[in-house]
Amino acid sequence: NGSDTKGYFIWSFLDVFEVLYGFKATYGLYEVNFNDKELHRHARLSARWYSDFLNKKSG
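Counting from 1 along the sequence shown, just add 5 to a position and that's the residue number in my numbering.
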């Protein structure tokens with residue numbers, strides 16, 4: 006579209022504490038299970054999409 010894009014960034018790699026919503030607002034590429042004392046992480050579909058996007062070869 007003619008734009009001069011210099012980069013592409015995600016908002017958050019992992020679910021984080023949101024000031025207004027605590028841990029209820031989840032938007033990281035990786036879900037964090039806050040009910041698990043070991044805080045296991047699971048990749049969301051958006052993590053796969055972002056990985057594919059970054060690894061795409063132009064041309």
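All C-beta atoms in this analysis are idealised placements derived from N, C-alpha and C, irrespective of residue type, glycine included.
Any beta carbon of chain C sitting closer than 9 Å to that of residue i?
i, result
"Trp-54", "As a matter of chain content, chain C is missing from the structure shown, which is built from one protein chain."
Rounded to the nearest angstrom, what separates residue i and residue j at their Cα positions?
i, j, result
"Tyr-35", "Val-24", "19 Å"
"Gly-27", "Lys-42", "17 Å"
"Ala-48", "Asp-9", "30 Å"
"Phe-58", "Phe-18", "15 Å"
Could you pull the DSSP bridge partners for residue i from this structure?
i, result
"His-45", "None, per the DSSP bridge assignment."
"Val-24", "BP columns for Val-24 are empty, so no partner."
"Leu-19", "Tyr-35"
Give the single residue among the options whose Cα lies nearest to the Cα of residue i.
i, options, result
"Tyr-55", "Gly-33, Lys-29 and Phe-22", "Gly-33"
"Phe-44", "Gly-7, Tyr-13 and Asp-20", "At residue 44 the sequence reads Leu, which differs from the Phe that was named. That would be Asp-20, whose Cα lies nearest to the Cα of Leu-44."
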